[in-house]
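Notes follow once the structure below has been shown.
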Amino acid sequence: MNHQDELNYIERILAGETNLYSHFVNSYSNSIYSLIVRIVKTNENAEELTQDSFLKAFKKLDTFKGDCSFSTWLFRIAYNTAISATRKRKMEFPMVDETMIESVPDEAIETFFDQDENEIKLQKLEEAITKLNVEEKTLITLFYTEDKSVAELAKVLDLTNENVKVKLHRVRKKLYVLMTK
Amino acid sequence: MNMNNDKAIRKALQSTESPRLSADFNSRMMAEVYRTVERKKKRAYILSLCLVSGVSFALIGMAVYVFYTYFSFDLSIQLPRFPKMELSAESKSIYGFSIYIAALSLILIGLDHYLRHKWMMRNNK
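These protein sequence lines map, in sequence, to chains S and Y. All residue numbers for the first sequence refer to the working numbering, where the first residue is 1 and numbers rise by one. All residue numbers for the second sequence refer to the working numbering, where the first residue is 1001 and numbers rise by one.
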């Protein structure tokens, strides 16, 4: 579905064709759920938070300006909903020394992450991903699994494009440090 | 810097894929959406009803106030003075016709409301 089709659907939903909203629910429910599970770490609240995100989006549908894709807008709502839920309970993430992250050479991570055959390395990487903070997890989830562009990520996380690029680059280095520590 | 390759990160994220939503999630979600729409309609209906009632009561209150304040209206004096209505056969038939038109209009408005409601419900399913 292209952007124009999405806008057309939204217009019709706002005009009273509520049943068309099921198209968005069917298309994005699993992606939204995956992101929320990754942020809140547990499955118990994730389904409820996914429902909250879709309901919030439906209630605010008239405020959707169409300056980004509907999924980007929806991911932003889901991200904020999940963040609010995590604020209620204290979540701890391991601290990584900034100098260690900065000292990792770019070439090292290029070659390191380009190979995906080593099972042990993949297991370590999975473990390292769980140690990232909420924003970092959101960044890599949307960038690598949802194929969101830097500009779209900037909209979801309310950052500048440059900021997203820097953060993405830093996350890769942090993963490398967490794996090799 | 080419982050688009990073095959290992992609693979790791895919293998830690979270469990999928329950099978009936989408239908439950849509049921909740319909409930939200119904609640919104009900709220709008109650609000408009309150608004109309409020305006009506305000107008009645204002009329009573104007009568008592500016026309020194006293119901015990004015009531016996009201002219008695005597309807001729001709005016009775006119009244009868007016009542018929009024009733017909009310029935048509009711029918319109019912059919519109039915149509909306069918479209929302």
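Using N, Cα and C, we set each Cβ at its ideal position, and we do this for glycine too. Given the structure is predicted, the values throughout are model-derived calculations rather than measurements.
A check of alpha carbon separations from K56/S across R1081/Y, L1013/Y, V1037/Y and S1091/Y identifies V1037/Y as the nearest.
Put simply, the backbone Cα of N118/S is about 11 Å away from that of F112/S. Annotation for A154/S: the continuous alpha helix (DSSP H) segment containing it runs V150 to L157. Annotation: the continuous alpha helix (DSSP H) that includes K137/S extends over V134 to I140. It is roughly 57 Å from the alpha-carbon of N161/S to the alpha-carbon of S1056/Y.
Chain-order list of chain Y residues neighbouring L122/S: A1008, K1011, A1012 and S1015, by C-beta distance under 7 Å. At a cut-off of 7 Å between C-beta atoms, L125/S counts as an interface residue with respect to chain Y. Only those residues of the stretch 1031-1045 of chain Y whose C-beta falls short of 9 Å from the nearest C-beta of chain S are listed: E1032, V1033, Y1034, T1036, V1037 and K1040.
Linking F1025/Y to V25/S through their CA atoms gives a straight-line distance of about 9 Å.
Apart from sequence neighbours up to five positions away, the residues of its chain that approach K124/S with a beta-carbon distance below 7 Å are M179, ordered along the chain. Rounded to the nearest angstrom, the gap between the Cα atoms of K41/S and E48/S is 14 Å. Assigned with DSSP and collapsed to three states, K60/S falls in coil, not helix or strand.
Nearest neighbour of A1012/Y by Cα position, chosen from L168/S, D114/S, R89/S and S103/S, turns out to be D114/S. Cβ contact annotation for N133/S (same chain, cutoff 6 Å, sequence separation greater than five): F93, in chain order.
Not a single CB atom of chain S sits nearer than 7 Å to the CB of L1115/Y. At a cut-off of 7 Å between beta carbons, Y33/S contacts chain Y.
Against S22/S, the close residues of chain Y are N1026, S1027, M1029, M1030 and V1033, in the order they occur along the chain (beta-carbon pairs closer than 9 Å).
Check the Cα spacing between Q51/S and each of T99/S, I32/S, L61/S and K65/S: the tightest is with I32/S. Assignment of V96/S by DSSP, reduced to helix, strand and coil, places it in the coil class. Listed in chain order, the positions of the stretch 134-158 of chain S with a beta carbon within less than 8 Å of a beta carbon of chain Y are I140, T141, F143, Y144 and T145. DSSP, read as helix, strand or coil, puts N26/S in helix. Within chain Y, not a single residue places a beta-carbon under 7 Å from that of L61/S; the smallest gap is close to 10 Å. Put simply, the CB of T18/S is near chain Y, with a gap under 7 Å to one of its CB atoms.
In this structure, the alpha-carbon of T86/S lies about 16 Å from that of S34/S. DSSP places G1054/Y inside the alpha helix (DSSP H), whose first and last residues are F1025 to Y1070. Listed along chain S, the residues sitting closer than 8 Å to P1019/Y by beta-carbon distance are V37 and N43. Rounded to the nearest angstrom, the Cβ distance from K165/S to V96/S is 20 Å, too far for a contact under 8 Å. Along the stretch 72-89 of chain S, there is no position whose C-beta sits under 9 Å from a C-beta of chain Y. Taking a cut-off of 8 Å on C-beta distances, the stretch 149-157 of chain S touches the stretch 69-76 of chain S, as three or more cross pairs fall below it. Counted as a single uninterrupted DSSP element, the alpha helix (DSSP H) harbouring P1080/Y occupies residues L1075 to R1081.
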